[in-house]
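Sequence order for the protein chains is A and B. Note that the working numbering numbers the first sequence so that position 26 is 26, with each residue one more than the last. Note that the working numbering numbers the second sequence so that position 135 is 135, with each residue one more than the last. Where a beta carbon is used, it is the ideal one built from N, C-alpha and C, also for glycine. Contents: one structure, followed by commentary.
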Amino acid sequence: MAASSDSLADILERVLDKGVVIAGDIGVSVVDVELLTLRIRLFIASAQTAREMGMDWWTNDPFFSPNAARAELGTTDLAARVAELEARLPVPGGREEPR
Amino acid sequence: MSTGNWLCAYAITRNRPSALDIGSAPRLIGYRDLGVVVSEVAPARFDRIDTLDPVDGTLAELAREHDAVVRAVFRSEPVLPLRFGTVLDGEDAALRLLQAGYDQARDCLDEVAGHREWGVRVRHTEPAATTRPDAAGLTGTQYLVRRRERLKAIQRAREDVVGSAGRLEEALRRHAADSVSRARPHGVLMNTAYLVETGREAEFHAEVEWFARELSAAGATVETSGPWPPYSFTDLELGATANG
């Protein structure tokens, strides 16, 4: 069912990533190249906590975690691919089964 | 460039100080019928902000503060949230901002007035395709048939959920003035922000409820968040072109 939750993750996602940007000659942003830096720091500082909160998008982003991406390809993706291929195999039942 | 008078800027809103209840610290600097909500800030508070743990600690605190001020304004007035961490060099800079960005800000404020943002997220965790049927007592053929049936069932369920989430997204778009797709963590099929006119929120939520039942039957969950100030619908850079 629909549940309502304004989690810290939701707040961070909006407050840090969205909103009107002010040109440099009038205002300055104290958070330089904010999102990129944040992404990396987020990852280093609290990957585990953030993952529990569902903010683990970088784990699928090869730029930030090339090893994780490769590891995933090695297990999950490959397994899914095998499963898909297995599903496509002709049904062995009936035709070849000895009666 | 003056020093020592940094103003942290939170949001642009209408210049109606009497309508606002934003506590004592933040204040409104007005220009014609627009205003920017600011508060005095020690830049040291933002020191090494990008090295801080985002989940608890100073960054989370500052982000919540920013959100709290934006929401306080939003309770009574339409609002354009400013990017977190925007600092203006004194009142003159605040006035120059409103002057330079006046037309853009006013148009955007008119667009979001009377609307609120809602987030809708569909999660689906499917059973692992790698689990295998118990082979005991089965011939090789029976085993393969059973395994294939299981995989087909997983695939059917996935197609059902993806199709249903797609229809939900489509249906909600009809009740919303605007929509924006957001980042999708693993296991999230849909994560969309909608800008909904307050008068249409009931139908919007009725639609969400209807699809939530359908999706729940297919093994997925629907979460909504909000109402939010229109964070995701203020994709605007002020002062850049208007000044030049």
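- Under the three-pair Cβ rule at 8 angstroms, the segment 130–140 of chain B does not count as touching the segment 214–221 of chain B.
- DSSP, reduced to helix, strand and coil, places residue 21 (chain B) outside both helices and strands of the structure shown, so it counts as coil.
- Where residue 73 (chain B) is concerned, the enclosing alpha helix (DSSP H) starts and stops at 58–74.
- By the Cβ neighbour-count rule, residue 125 (chain B) is exposed, with fewer than 16 other Cβ atoms within 10 Å of its own.
- If you check the CB distance, residue 67 (chain B) and residue 22 (chain A) do not come in under 8 angstroms.
- For residue 226 (chain B), the uninterrupted beta strand (DSSP E) run begins and ends at 220–228, by DSSP.
- Taking a C-beta distance under 8 angstroms as the contact criterion, residue 226 (chain B) and residue 117 (chain B) qualify as a contact pair.
- Beta-bridge partners assigned by DSSP to residue 124 (chain B): B:220.
- Annotation: the continuous beta strand (DSSP E) that includes residue 88 (chain B) extends over 86–89.
- One finds 20 in chain A with Cβ atoms closer than 9 angstroms to the Cβ of residue 12 (chain B), taken in chain order.
- Look at the beta carbons and you see the segment 136–155 of chain B not touching the segment 194–209 of chain B: under three pairs across the two are nearer than 8 angstroms.
- Distance from the CA of residue 190 (chain B) to the CA of residue 91 (chain B), rounded to the nearest whole angstrom, comes to 42 angstroms.
- Below the 8 angstroms Cβ cutoff, chain A contributes 11, 14 and 15 as neighbours of residue 67 (chain B), in chain order.
- Boundaries of the alpha helix (DSSP H) around residue 164 (chain B): 140–175.
- Contact note: residue 177 (chain B) does not reach chain A at a C-beta cutoff of 8 angstroms; the least C-beta distance is about 17 angstroms.
- In this structure, DSSP gives residue 86 (chain A) a helical state, which the three-state scheme calls helix.
- Contact with chain A is absent for residue 181 (chain B), since none of that chain's Cβ atoms lies less than 8 angstroms from the residue's Cβ.
- Within chain A, the C-beta atoms nearer than 7 angstroms to that of residue 100 (chain B) come from 26, in chain order.
- Shown here, residue 188 (chain B) sits in a strand according to DSSP, grouped into three states.
- Taking a contact to require three or more Cβ pairs closer than 8 angstroms, the segment 36–46 of chain B and the segment 6–13 of chain B qualify as touching.
- Of all residues in the segment 147–160 of chain B, only 147, 148, 151, 152 and 155 place a beta-carbon less than 7 angstroms from a beta-carbon of chain A.
- It is roughly 40 angstroms from the alpha-carbon of residue 173 (chain B) to the alpha-carbon of residue 89 (chain A).
- Contact annotation: in the segment 73–85 of chain B, residues whose CB is within less than 9 angstroms of a CB in chain A are 80, 81, 82, 83, 84 and 85.
- Chain A places no beta carbon closer than 8 angstroms to that of residue 34 (chain B), leaving this residue out of the contacts.
- Residue contact check for residue 93 (chain B) against chain A: a CB pair falls below 8 angstroms.
- Following the DSSP letters along the chain, one finds residue 38 (chain B) inside the beta strand (DSSP E) bounded by residues 34–40.
- Residue-level contact by beta carbon holds for residue 87 (chain B) and chain A, with a gap shorter than 8 angstroms.
- Contact fails between the segment 62–79 of chain B and the segment 140–158 of chain B, because fewer than three Cβ pairs, one in each stretch, are under 8 angstroms apart.
- Here DSSP, grouped into helix, strand and coil, assigns residue 77 (chain B) to coil.
- Counting along the chain, residue 102 (chain B) sits inside no beta strand (DSSP E); it lies in the alpha helix (DSSP H) bounded by residues 102–112.
- Listed as beta-bridge partners of residue 7 (chain B) by DSSP are B:40 and B:88.
- Scanning A:8, A:85, A:9 and A:19 for the CA closest to the CA of residue 84 (chain B) turns up A:19.
- Look at residue 30 (chain B) here: in three-state DSSP terms it is strand.
- Per DSSP, residue 231 (chain B) has no beta-bridge partner at all.
- A Cβ-Cβ distance of about 18 angstroms is found for the pair residue 26 (chain A) and residue 27 (chain B), leaving them out of contact under the 8 angstroms criterion.
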